[in-house]
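Beneath this line is the structure, given in structure tokens, with notes to follow.
Residue numbers (the working numbering): 245 to 442.
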């Protein structure tokens, strides 16, 4: 994916078909570099090398832009979980947990935005979250230890695992790089014990 040449100040070209994608790419960079406070539509237009009015054709407000970015993030998390669920490596629970933690570590700014209460209240974001969560429900529903559970029970177990994963990811992101591996591995091992069928 081509990016702007920071040294020469040249921006990549765009056309109507890919402007929305370009804006999300540039918004992700601004979020990574300065957080939500640095991300505004005028700064985004300047970074993309377009007129500010062009941004408003796609996003009516900063909140709409953030919602688009969060929905995209949940879509990427959904894809990562789906890929992990199909992986032959390790247990599905371990693979899914590693995919979840890997996404949170790799994109902490987007990950934090995805769970911002105001942004999560946006319909497109909550729908994208539900699709990602449904992948986890399917993984847990196929676990041998859950075969005697009702659909409602599987859903509640998945909700507990999702909350556990989110809490562990948030704790490790707040604690810095050194805190990540031991805690995440402990959490994964704990989940594997819970889902083991003796």
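For each residue, glycine too, the CB sits at the ideal point set by N, CA and C. Computed from a predicted structure; not experimentally measured.
Integer-rounded CB distance, given that residue j should sit under 8 Å from residue i
i: residue 283; j: residue 292; result: About 12 Å separates the two Cβ atoms, so there is no contact after all.
i: residue 311; j: residue 395; result: Not quite, the Cβ-Cβ distance comes to about 30 Å (not below 8 Å), so this is no contact.
i: residue 341; j: residue 435; result: 6 Å
i: residue 322; j: residue 375; result: 5 Å
i: residue 402; j: residue 377; result: 7 Å
i: residue 373; j: residue 318; result: 5 Å
Proximity of residue i and residue j at Cβ, strictly below 8 Å
i: residue 336; j: residue 387; result: yes
i: residue 313; j: residue 379; result: no
i: residue 267; j: residue 316; result: no
i: residue 427; j: residue 412; result: yes
i: residue 348; j: residue 339; result: no
i: residue 304; j: residue 295; result: no
i: residue 263; j: residue 285; result: no
i: residue 364; j: residue 280; result: no
i: residue 391; j: residue 384; result: no
i: residue 287; j: residue 275; result: no
i: residue 410; j: residue 359; result: yes
Residue i - containing alpha helix (DSSP H), residue span
i: residue 359; result: Per DSSP, residue 359 belongs to no alpha helix (DSSP H) and is neither H nor E.
i: residue 389; result: Element bounds for residue 389: n/a, residue is neither H nor E.
i: residue 340; result: 336-350
i: residue 370; result: 367-385
### Task
Run through the segment 283-322 for me and flag every whole beta strand (DSSP E) of 3 or more residues, listed as ranges in chain order.
none
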